[in-house]
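Going by my numbering, the first residue of the sequence shown is number -8, and it counts up by one from there. Virtual Cβ for every residue (Gly too), placed ideally from N, Cα, C. For clarity, every value in this text was computed on a predicted model and none was experimentally measured.
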Amino acid sequence: MNKTVRFIKVSIALSCAAIFFTQCSTKKRDAKDVISFDTTATKGKLPIAYINVDTLLAYYQLAKDANEQLLQGQEDSRQRINVRAKQLQADMASFENKMRNNAFLSREKAEEENNRLIAKQKELQDLNQQLSNQLLAQQQRFNEQIRDTINQFLKSYCPAKHYQIVLSTNSMNDNVLYAADGYDITRDVIKQLNARYEKKR
-8 MNKTVRFIKV SIALSCAAIF FTQCSTKKRD AKDVISFDTT ATKGKLPIAY
42 INVDTLLAYY QLAKDANEQL LQGQEDSRQR INVRAKQLQA DMASFENKMR
92 NNAFLSREKA EEENNRLIAK QKELQDLNQQ LSNQLLAQQQ RFNEQIRDTI
142 NQFLKSYCPA KHYQIVLSTN SMNDNVLYAA DGYDITRDVI KQLNARYEKK
192 R
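Printed below as a string of structure tokens:
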């Protein structure tokens, strides 16, 4: 179960990485088009910024809430599987003990009990797969929700701040090797995203 549900920050970081690079460009341009930068609007800076996705997901309340729900769902599923597994183990131990002591009235009774245990084991495996799939589907829904929310936010944020390109950086894929002070807009984005989220809660 633990192997099938990865920490949400990892999967969202991968899905968010592609968002920021293109989101602030509102029109497709041909290669021959000349791009003019309104440097006066950004106080002498290029209309480029970057967001640290790891930091964003660590402090964006929507991502934190989603992560807590996923972890709770994972824990609930784990406990449910453990209860079933312990019961199955007890039944199997009882079966083995009866076999050693010749406690079954007939060979047919022993085979019936063995088949019942095999069926219970199959049910447990199916339940484990079902719960894992449910958690993965829930994780995917959260990823899409967070990605769409950030998409919509940047559509209004970038024009207002005169940004034409926003890059992303994270611990797994660092696209920004160096940037002067002022190009990191992570804190401002988190602040505004949280303000919007708080109004909708």
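- request: Per DSSP, which residues does residue 145 bridge with? Please list them.
  value: Per DSSP, none; premise fails for residue 145.
message: In this structure, how does DSSP classify residue 51 when only helix, strand and coil are distinguished?
response: Annotated three-state conformation of residue 51 is coil, per DSSP.
Inter-residue CB distance, residue 130 and residue 61 (contact presumed, cutoff 8 Å): Right, the Cβ-Cβ distance comes to about 6 Å (below 8 Å), so this counts as a contact.
query: Okay, do the region 64 to 71 and the region 46 to 56 touch, 3+ Cβ pairs below 8 Å being the bar?
result: Contact fails: fewer than three Cβ-Cβ distances are below 8 Å.
message: Are the CB atoms of residue 79 and residue 111 within a distance shorter than 8 Å?
response: Contact annotation: residue 111 and residue 79 have beta-carbon atoms nearer than 8 Å.
- prompt: Which whole-angstrom value describes the C-beta separation of residue 51 and residue 181, a residue pair presumed to lie in contact below a C-beta threshold of 8 Å?
  reply: Confirmed, about 6 Å.
- request: Kindly list the residues whose CB is nearer than 6 Å to the CB of residue 46, restricted to its own chain and excluding five residues on each side of it in sequence; keep chain order.
  value: In chain order, 177 place their CB closer than 6 Å to the CB of residue 46, counting only its own chain and leaving out the 5 sequence neighbours on each side.
message: Give me the DSSP bridge partner(s) of residue 74.
response: Note: residue 74 sits in no beta bridge, so no partner.
message: For a test of the three-state rule: what should DSSP assign to residue 186, helix, strand or coil?
response: It is helical.
task: Please work out which residues of its chain come closer than 8 Å, Cβ to Cβ, to residue 95, disregarding the five sequence neighbours upstream and downstream, and give them in chain order.
output: Within the same chain, residue 95 has close Cβ partners 89, 101, 104.
Span of the beta strand (DSSP E), counted from its first residue to its last, around residue 39: That run of the beta strand (DSSP E) goes 39 to 43.
query: If you run the structure through DSSP and keep just helix, strand and coil, what is residue 168?
result: In this structure, residue 168 counts as coil in the three-state DSSP scheme.
task: Could you spell out where the beta strand (DSSP E) holding residue 158 opens and where it closes?
output: Run containing residue 158: 156 to 160, per the beta strand (DSSP E) assignment.
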